[in-house]
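Just below is one structure, and these are the notes that go with it.
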Amino acid sequence: MEALSSYQHIQDPEVLHQIRVEIKKIKAVLNVINYCVGKFKGHQHFLTFRTIFRQAGAIRQPDVFYKLLLQYQISGVVDAQLPS
Numbered sequence: 001m002e003a004l005s006s007y008q009h010i011q012d013p014e015v016l017h018q019i020r021v022e023i024k025k026i027k028a029v030l031n032v033i034n035y036c037v038g039k040f041k042g043h044q045h046f047l048t049f050r051t052i053f054r055q056a057g058a059i060r061q062p063d064v065f066y067k068l069l070l071q072y073q074i075s076g077v078v079d080a081q082l083p084s
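One point on numbering: in this note's numbering, the residue at position 1 of the sequence shown is 1, and numbering is uninterrupted.
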């Protein structure tokens, strides 16, 4: 999860996307282990990751919506407002 430390310096929405992708991979692995090992509590181990996943989504969501507004040329949105 080196993306977490890199977001501290870069603060790029793409880094947040990479964080969320990595957390989804962790969730998939935990689900497989939970299925294979009877007493393993996958959900308990995922809770801290879920908090990070949700917070990263909340930070990233406005940028994603803004890019969609520009892509589909919704009136009232100026391209100059989008960071490069």
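Built from N, CA and C at the ideal position, the CB exists for glycine as well.
By the C-beta density criterion, Ala-3 is buried, having at least 16 other C-beta atoms within 10 angstroms. For Ser-75, the secondary structure class from DSSP, reduced to helix, strand or coil, is coil. Counting other Cβ atoms within 10 Å of its Cβ, Ile-23 reaches 16 or more and is therefore classed as buried.
Ile-19 and Tyr-35 do not touch by the CB rule: their CB atoms are close to 25 Å apart, not below 8 Å.
With contacts defined by Cβ atoms closer than 8 Å, Leu-16 and Arg-54 do not form a contacting pair. Under the three-state reduction of DSSP, Phe-40 is assigned to coil, being neither helix nor strand.
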